[in-house]
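Here is the structure we will look at.
Protein chains: 4
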Amino acid sequence: MDWDLFLTPYKQAVDELKIKLRGYREQYERVSEHSPIEFVTGRVKPIPSILDKARRKNIPLNQLQTQMQDLAGIRVTCQFVEDIKTVIELIRNRSDITVVEERDYIADKKESGYRSYHLVVNYPVHTISGEQMTLVEIQVRTMAMNFWATIEHSLNYKYEGRIPKEIKDRLQRAAEAAFHLDGEMSQIRGEIQEAHRHFMEKKID
Amino acid sequence: MDWDLFLTPYKQAVDELKIKLRGYREQYERVSEHSPIEFVTGRVKPIPSILDKARRKNIPLNQLQTQMQDLAGIRVTCQFVEDIKTVIELIRNRSDITVVEERDYIADKKESGYRSYHLVVNYPVHTISGEQMTLVEIQVRTMAMNFWATIEHSLNYKYEGRIPKEIKDRLQRAAEAAFHLDGEMSQIRGEIQEAHRHFMEKKID
Amino acid sequence: MDWDLFLTPYKQAVDELKIKLRGYREQYERVSEHSPIEFVTGRVKPIPSILDKARRKNIPLNQLQTQMQDLAGIRVTCQFVEDIKTVIELIRNRSDITVVEERDYIADKKESGYRSYHLVVNYPVHTISGEQMTLVEIQVRTMAMNFWATIEHSLNYKYEGRIPKEIKDRLQRAAEAAFHLDGEMSQIRGEIQEAHRHFMEKKID
Amino acid sequence: MDWDLFLTPYKQAVDELKIKLRGYREQYERVSEHSPIEFVTGRVKPIPSILDKARRKNIPLNQLQTQMQDLAGIRVTCQFVEDIKTVIELIRNRSDITVVEERDYIADKKESGYRSYHLVVNYPVHTISGEQMTLVEIQVRTMAMNFWATIEHSLNYKYEGRIPKEIKDRLQRAAEAAFHLDGEMSQIRGEIQEAHRHFMEKKID
């Protein structure tokens, strides 16, 4: 299997979607409004992870294109929980992206404490050998959710999915602290948004 | 007129098209083939230039969106004259870009000595206030054509379109030297392409 | 006063220091160690802010170069409170940077709740008119500290330094939630670092 | 040999020098003067090329740091032959770079037709394990010289240094065409520089 060739359209999809979603941020700033998007990052899944996941989920390598939804991944980080909804609407309204699945792990958080909103989308790219459809997973989260998720991800690798009870409890407390910070932030949000508008108009740092 | 707001979709169009066209280059390199694209640059027309051109061409400011074709500009630079054709085909074959006009100043160079291939295209962008169509001018040239054009452009500004005869003659000789270099390059091209393929496969710099 | 000319060396200082500090992050990742640096951002102080501050602090415009310490600003964001110390040591050990002042608002947080470590440094840049010394302020913070500081900054502008009691109380609660999250993170830190090492070695995402 | 670790300071040197030299270009534009620097690119020598060169030149791998001068390479491209001198002066005047060798293949071009000015410099970088001196080769060329050199480089790989007579003759003619273009450009240069100044002041594209 020529991985370089196979992954080329996914790399292109990630590059294009980063530019497209980052564009919103700049546009909000230009009209002095709070941007629901703080950061946009993206990656193509590393080959060992693809092989690992294909084995676990019993996906034949010749069906990766239709069966593995996160070969291309985009992550959008927001300041406030309320921003997540706005980002989802921006994505749903685009004619160049087709949403094929949504998973709301915020309303319905995972047992581990994981919170995030996932969209799986179809996105067409043009390569030197023509147009090709790609599946891309877009994760939308607050900074606190993101922080926690990064840590849980690392611990899961360390313990190969079997995190000891003591560590699990600590992780749970960190999840609660992150959740609490998001709550405090939401309360102060109205104030901040108005302040932000004021601030951008003055164009003073 | 709120220029910042008006030019936002053009800035976005330029950013997206740069990523899309640069993607080709990387793809050619990955399959060890000569890339017809050497550089891709882009710019939104500066406001004083817009005002100046609107005055000269009698375009009312509320008709800029449909009447001024180069508010957003993309420039693709190629190594060989032969590459220009390939680039044009790549653009014509995209479903996200609609070519509305083509001007071939290579087969039919301007009196001044100017050579380049121009495409005017329709390109849709999604902003925070919805989808919008933009006109973008894409110029395709060799490096030698580009070098010459940059200089002629500067001299035209200096002399406000009335370049003295002596300078004009020198400019003409430089145009011929650039044209001659392109010719020598074309002749050596077959060799180079094969060599390039060889070179990339070895992955030795 | 030619601001463009005056601010040129500060822009150059910011660009160079971003590259230099971001380099560390990549190096830690390459040896599979936890990086004490998560993000590095930078900015040159906008002209209206310079004028505003000069007025408030009674700094004559011809003494800006020696009297205003944050014309060039660098911000380093860390995952853990413990990382801040490591970053400070990396900076102190460089022969191309001279630390001229340090302010520890973490051990000794401001009344408002503000926490951060500030270093003021001398940094030489080479411009087209020769070498010039610049003063640069480097702020080192955790992500939670940074989040809180951004909000307080905006609110201060809105209320011109006179934030109403109710808002102040909310801001205080958010500062406590951020502080609490930093604490939970520190506790889980040893685990995470080891996990991170494990994770990078496997090179699985 | 841990190549990743060994090449880390060279990668950092390339990144820093690119920012430092590109800074000049921006500064010239800001004061509306012709920039002697058109492009700055850089690369760390790929591992197969290092091994190949070490074999050819009999350099033991543990002496690469002091014996191989182009592990880190920077290329500065200029519009005019006259600009090369200015770039060399800018580099010689920096206190953070020490020139250890200069080779003038412009006054004294290689038999093949190759023209370029080479500087070998010492440049200190700070890594997570402390300060380290690196050798960097800086090549300064016009665009026409660069174009020709790229092609000759590829052909050399194809024919493993033994380019057939016919191709060699063609290459020679292309070198002459490039040289001729540089000559025409020099003649028109005074005009262009003044025009450029005029053009930047008007801030019209």
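Residue numbers (UniProt numbering), protein chains in the order written: chain U, 1 to 205; chain R, 1 to 205; chain S, 1 to 205; chain G, 1 to 205. Here a beta-carbon is modelled for each residue, glycine too, at the ideal position from N, C-alpha and C.
A Cβ-Cβ distance of about 18 Å is found for the pair V136(R) and I84(R), leaving them out of contact under the 8 Å criterion. Separation of N58(G) and Y105(G) (C-alpha to C-alpha, rounded to the nearest whole angstrom) is 24 Å. Minimum Cα-Cα distance from V81(S) among the listed residues T142(S), E131(S) and I50(S) corresponds to T142(S).
Take E101(G), set aside five residues on each side of it, and the residues of its chain with a beta-carbon closer than 6 Å to its own are V120, in chain order. Listed by position along chain S, the residues whose Cβ is nearer than 7 Å to that of E191(U) are L155 and I167.
Q79(S) has a beta carbon lying at 8 Å or more from every beta carbon in chain G. Annotated as distal: M68(U) and I88(U), with beta-carbon spacing of 8 Å or more. Comparing alpha-carbon positions, the option among V31(R), A72(R), Y28(R) and E33(R) lying closest to V14(R) turns out to be A72(R). Considering only R30(U), D70(U) and M133(U), the residue with the shortest C-alpha distance to S95(R) is M133(U). In the three-state DSSP reduction, M133(G) falls in the strand class (E or B).
The C-alpha of D70(G) is placed about 54 Å away from the C-alpha of K165(U). Here E184(G) really is in contact with R173(R); their C-beta atoms are around 5 Å apart, less than 8 Å.
Beta-bridge pairing by DSSP links P9(R) to no other residue.
Sixteen is the threshold: since fewer than 16 other Cβ atoms of the shown chains lie within 10 Å of the Cβ of N93(R), the residue is exposed. The beta strand (DSSP E) runs of length 3 or more contained entirely in the UniProt domain "RelA/SpoT" (42-163) of chain G are, from start to end of the chain, 72-78, 98-104, 117-127 and 130-142. Taking 7 Å as the cut-off between beta carbons, the residues of the stretch 129-150 of chain R near chain U are E131, in sequence order. Close partners of Y24(U) in chain R (Cβ separation under 7 Å): I128. Rounded to whole angstroms, the gap between the alpha carbons of Q63(S) and R22(G) is 29 Å. The CB of L171(R) comes closer than 7 Å to the CB of I188 in chain G, given here in chain order.
With a cutoff of 8 Å on beta-carbon distance, E152(S) and S112(S) are scored as near each other. Excluding five sequence positions before and after Y10(R), the CB atoms of its chain that fall closer than 6 Å to its own CB belong to V44, L71, A72 and T134, given in chain order. Straight-line measurement puts the Cα of I74(G) at about 8 Å from the Cα of L17(G). Beta-bridge annotation (DSSP): V40(G) is paired with V76(G).
In the structure shown, the three-state DSSP call for H34(G) is coil.
Across the structure, N122(S) and D108(U) are spaced so that their CA atoms are roughly 51 Å apart.
Taking 8 Å as the cut-off, the Cβ atoms of V76(S) and V40(S) count as close. Taking a 10 Å sphere around the C-beta of Q27(U), we find 16 or more other C-beta atoms and assign the residue as buried. Taking all protein chains shown into account, R115(G) has 16 or more neighbouring C-beta atoms within 10 Å of its C-beta and is therefore buried. At least one beta carbon of chain R lies nearer than 8 Å to the beta carbon of H180(G). Not one beta carbon of chain R lies nearer than 8 Å to the beta carbon of L61(U). A Cβ-Cβ contact shorter than 8 Å links Q187(G) with R170(R). Taking the Cα positions, F179(G) is about 25 Å away from E33(G).
Put simply, the backbone Cα of I167(R) is about 30 Å away from that of Y117(G). Taking 8 Å as the threshold, the shortest C-beta distance from L5(S) to chain G falls below it. At a Cβ-Cβ threshold of 8 Å, A144(S) and L181(S) count as neighbours.
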